[in-house]
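If you count the sequence shown from 1, position 15 lands on 15 in the UniProt record's numbering, and the numbers rise without skipping. Think of the CB as a built atom: it goes at the ideal place given N, C-alpha and C, for glycine as much as any other residue. Source: prediction; values computed, not measured.
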Amino acid sequence: MLSAINQNLKSKTQKQTINSILRFIASKFQISIEGAKEFKEKVTDSDKPVIVDFYADWCGPCRMIAKPLDKFVDSHEGKVILAKVNVDRNDELAFQYEVSGIPTVYGFYKGKVVDRFVGLPEEDFLKKFVEKMVKTGEK
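Set out below in structure tokens:
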């Protein structure tokens, strides 16, 4: 909704303000993971479903998957969390979860892997993946 408002704004200051609000809202449903301790605290110990996106800044498909994945997670307003793990800074986590190609996306619930995929799927697949994780948390 805010992105639609943002498109109609004329002044640069208004757009910057709305973009700040959008980043704040996104941060409620998206977390950045740095290290195994934080991964345990925010992913495996979470009582909500968590989608973990293993990515790298230089990876084109990772950048392409980011926006639609963010959009689908945000649309569920906190019923699922998106955790981002940069494989260049967290190589031990990438090794532990057998990330051999990126993007690799895992779905966790109560410490267990529910599902995963590698690569750049169609948006419909991403939407269904997120919905599956939300439903897992509602059981």
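Give me the Cα-Cα distance between D53 and Y97, rounded to the nearest whole angstrom. D53 and Y97 have their C-alpha atoms spaced approximately 12 angstroms apart.
Environment of Q14 [buried if 16+ CB atoms lie within 10 Å]: exposed
Opening and closing residue of the alpha helix (DSSP H) in which T104 lies: T104 -> not in any alpha helix (DSSP H); beta strand (DSSP E) instead, spanning 104-109.
Report the partner residues of L82 according to the DSSP bridge assignment. Q30, I51
So for K67, helix, strand or coil by DSSP? helix
For G107, count the other beta carbons within 10 Å of its own beta carbon; 16 or more makes it buried, fewer makes it exposed. Which is it? Looking at its Cβ environment, which holds 16 or more other Cβ atoms inside 10 Å, G107 is buried.
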